[in-house]
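Structure first, commentary second.
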Amino acid sequence: MSYQVQDVTAGKPIKLWTEGVPVEDDARKQLMNTAQMPFIFRHLAVMPDVHLGKGSTIGSVIPTQGAIIPAAVGVDIGCGMMAARTTLTAADLPDNLHGLRSAIETAVPHGRTPPRQSRRDKGAWENPPEAVDAMWASLLPGFARITEKYPRLKNTNNHKHLGTLGTGNHFIEVCLDEADHVWFMLHSGSRGVGNAIGNLFIELAQADMRQHIANLPDKDLAYFEEGSEHFADYVDAVGWAQDYARRNRDVMMVNVVAAARQVIAKPFTADVEAVNCHHNYVQRETHFGSEVLVTRKGAVSARKGELGIIPGSMGARSYIVRGLGNEEAFCSCSHGAGRSMSRNEARRRFTVDDQIKATAHVECRKDSEVIDEIPMAYKDIDAVMHAQRELVEVVHTLRQVVCVKG
DNA sequence: ATGTCC
Numbered sequence: 013m014s015y016q017v018q019d020v021t022a023g024k025p026i027k028l029w030t031e032g033v034p035v036e037d038d039a040r041k042q043l044m045n046t047a048q049m050p051f052i053f054r055h056l057a058v059m060p061d062v063h064l065g066k067g068s069t070i071g072s073v074i075p076t077q078g079a080i081i082p083a084a085v086g087v088d089i090g091c092g093m094m095a096a097r098t099t100l101t102a103a104d105l106p107d108n109l110h111g112l113r114s115a116i117e118t119a120v121p122h123g124r125t126p127p128r129q130s131r132r133d134k135g136a137w138e139n140p141p142e143a144v145d146a147m148w149a150s151l152l153p154g155f156a157r158i159t160e161k162y163p164r165l166k167n168t169n170n171h172k173h174l175g176t177l178g179t180g181n182h183f184i185e186v187c188l189d190e191a192d193h194v195w196f197m198l199h200s201g202s203r204g205v206g207n208a209i210g211n212l213f214i215e216l217a218q219a220d221m222r223q224h225i226a227n228l229p230d231k232d233l234a235y236f237e238e239g240s241e242h243f244a245d246y247v248d249a250v251g252w253a254q255d256y257a258r259r260n261r262d263v264m265m266v267n268v269v270a271a272a273r274q275v276i277a278k279p280f281t282a283d284v285e286a287v288n289c290h291h292n293y294v295q296r297e298t299h300f301g302s303e304v305l306v307t308r309k310g311a312v313s314a315r316k317g318e319l320g321i322i323p324g325s326m327g328a329r330s331y332i333v334r335g336l337g338n339e340e341a342f343c344s345c346s347h348g349a350g351r352s353m354s355r356n357e358a359r360r361r362f363t364v365d366d367q368i369k370a371t372a373h374v375e376c377r378k379d380s381e382v383i384d385e386i387p388m389a390y391k392d393i394d395a396v397m398h399a400q401r402e403l404v405e406v407v408h409t410l411r412q413v414v415c416v417k418g
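Letter by letter, the first sequence follows residues 13 to 418 of our numbering.
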């Protein structure tokens with residue numbers, strides 16, 4: 013067995029797949045808070061990229077019965093990864109990759125695309141292409157159902173954010189696998205509208221519980237009880253936002269491939285071994301013979317044979333993995349390497365020169381605004397992969413050659 | 001992460 017069990021007074025046990033990886037005391041304390049919630053099913057499962065989050069810990073799997081915690085999913089509902097293997101190899105790429113990066117940056121609006129009309133439109137389409145209109149039309153019936161009851165959600169970037177990257181940690185990469193096959197990989201979520209849905213229901217949960225909220229270990233553990241009106245509405249809205257996030261990644265991948273075709277002479281296809289997985293979401297699943305709501309906050313589903321994506325930091329390796337269906341981990345794995353220091357600490361400790369050296373082999377931004385993404389601010393990905401060897405096996409090892417940061 | 005009556 014490659015996991016440790018920590019017993020919690022007046023709570024469910026915590027099972028940690030963190031062998032050889034440091035777990036901060038603040039993250040441990042937060043896990044113990046969550047483990048005390050009476051509706052946790054069996055135990056919490058902790059992934060090796062665990063670190064402190066808002067309300068509950070990033071890199072954890074929170075199975076519940078009869079209740080749901082909206083702040084555990086958080087505001088970037090449906091955030092996740094998509095990767096597609098192409099029929100290209102490294103030799104088909106141009107010698108200078110700057111043109112490929114520019115083509116991708118033009119094809120996909122991102123955080124640094126200038127605001128269109130107001131700052132609120134940052135990173136949005138000015139005029140969404142037809143494929144985005146068609147995708148939005150397929151999402152609209154669900155959105156109309158939600159906004160009929162929660163009209164304030166209409167006033168969000170929804171249609172104009174579909175197929176756009178966002179900012180911060182969201183990125184698009186061109187990678188090479190162990191056989192020099194070219195892959196496209198991207199990381200994004202449900203953008204403005206998912207954020208608004210997350211925030212709305214986090215507020216509603218706290219308002220619904222205002223009489224008892226002082227009894228919770230943390231106000232961000234406020235929950236909806238199954239059978240209540242807001243529980244049903246949240247399950248509906250969070251599921252819709254997760255669909256939006258998945259389709260957001262689908263649209264971007266199509267546009268990344270189209271951009272690449274503009275600068276790569278050789279014809280190619282890109283749907284070989286496509287993977288599209290959430291790592292910030294909740295859904296109903298069956299575990300140990302019972303129906304359970306499984307919240308994965310910075311964790312990926314890893315049922316037996318299921319493909320997933322574990323990205324390393326900028327300049328480190330990333331992995332396409334196959335689930336081993338480890339039931340004790342509720343069939344899950346980590347969603348990345350995990351930070352080893354805060355963004356602020358990384359900015360204090362490293363310089364632009366350090367970032368240039370650490371990303372010498374990658375065509376990417378190397379300015380002061382991305383120092384917090386420097387590889388040294390992340391845990392050792394080899395240790396993280398070793399700690400979860402009973403959760404997933406590696407199918408492909410990818411190294412980045414181009415990285416577009418939002 | 002997003003949006004900006006913080």
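Ideal Cβ positions, reconstructed from N, Cα and C, are used throughout, including at glycine.
Keep in mind it's a predicted model, so treat the numbers as computed, not measured.
* **Supposed contact pair F183 and L198 - C-beta distance, whole angstroms, cut 8 Å** => 7 Å
* Neighbourhood of D61 by C-beta, 7 Å cutoff - its chain only, sequence neighbours within 5 removed -> G71, G310, S346, H347, G348, A349, G350, K391, V396
* Buried or exposed by the 16-neighbour rule on C-beta atoms within 10 Å, applied to L305 -> buried
* Terminal residues of the continuous alpha helix (DSSP H) containing G204? -> 203–220
* Asked: Within 10 angstroms of its Cβ, does I368 collect 16 or more other Cβ (buried), or is it exposed?
  -> exposed
* To do: Spatial neighbours of A358 within its chain, please: CB distance less than 7 Å, with the 5 preceding and 5 following residues excluded, ordered by chain position.
  => I383, D384, I386, A389
* Asked: Tell me which same chain residues have a C-beta within less than 6 Å of the C-beta of P25, skipping the five on either side of it?
  -> V17, D19, H55
* To do: Please specify which runs of the alpha helix (DSSP H), each continuous and at least 4 residues long, are wholly inside the stretch 39–88, giving them in chain order.
  => Along the stretch 39–88, the alpha helix (DSSP H) occurs as fully enclosed runs of 4 or more residues at 82–85, listed in sequence order.
* G335 - DSSP class collapsed to helix/strand/coil -> For G335, the three-state secondary structure derived from DSSP is strand.
* Go to S380, then tell me how far its alpha helix (DSSP H) extends in each direction, as first and last residue. => Neither: S380 is in no alpha helix (DSSP H) and is coded neither H nor E.
* Going by Cα to Cα distance, which pick from H408, A399, V404 is closest to L15? -> Checking the sequence shown, residue 15 turns out to be Tyr, not Leu. The candidate whose alpha carbon is nearest that of Y15 is A399.
* What first and last residue would you give for the alpha helix (DSSP H) that runs through Q223? -> No alpha helix (DSSP H) contains Q223, which DSSP labels as neither H nor E.
* In three-state DSSP terms, what is F183? -> strand
* Does the stretch 197–215 come close enough to the stretch 168–183 that 3 or more CB-CB pairs lie under 8 Å? -> When Cβ pairs closer than 8 Å are counted between the two stretches, the stretch 168–183 is seen to touch the stretch 197–215, the count reaching three or more.
* Just tell me which of Y331, E402, K417, S380 has its CA closest to the CA of E340. => E402
* Which class does F236 belong to by DSSP, given the choice of helix, strand or coil? -> strand
* Would you kindly check if the distance between the Cβ of R361 and the Cβ of C343 is under 7 Å? => no
* Asked: What distance in whole Å lies between the Cβ atoms of V333 and V406, which are believed to be in contact at a cut-off of 8 Å?
  -> 6 Å
* Does the Cβ-Cβ distance between L174 and W195 come in under 7 Å? -> Contact: no.
* Asked: Hey, quick one: how far does the alpha helix (DSSP H) through Q367 stretch, first residue to last?
  -> 364–370 is the extent of the alpha helix (DSSP H) around Q367.
* **Contact the stretch 272–289 vs the stretch 229–238: 3+ CB pairs below 8 Å** => no
* For M13, does the count of other Cβ atoms within 10 angstroms reach 16, so buried, or fall short, so exposed? -> By the neighbour-count definition (other C-beta atoms within 10 Å, threshold 16), M13 is an exposed residue.
* Asked: On the three-state DSSP scale, how would you describe K309?
  -> strand
* To do: Give me whichever residues DSSP pairs with R329 in a beta bridge.
  => R411
* Taking the C-alpha atoms as reference points, what is the distance between G327 and T21? -> The straight-line gap from Cα to Cα measures roughly 42 Å.
* **Buried versus exposed call for H291 [16 or more other C-beta atoms within 10 Å across all chains shown]** => buried
* 7 Å Cβ cutoff met for A79 and E237 -> yes
* To do: Give the straight-line distance between the Cα atoms of E138 and R128, rounded to the nearest whole angstrom.
  => 6 Å
* Does the distance from the CB of K278 to the CB of D104 come in under 7 Å? -> yes
* Pull up the distance between the alpha-carbon of G251 and that of V294, whole angstroms please. => 8 Å
* **Alpha-carbon to alpha-carbon, R259 and A234** => Near 29 Å, if we compare the C-alpha coordinates of R259 and A234.
* Please go through the same chain and pick out, in chain order, the residues whose beta-carbon is closer than 7 Å to the beta-carbon of I116, but skip the five residues on each side of it. => Correct list, in chain order: I184, V268, A271, V416.
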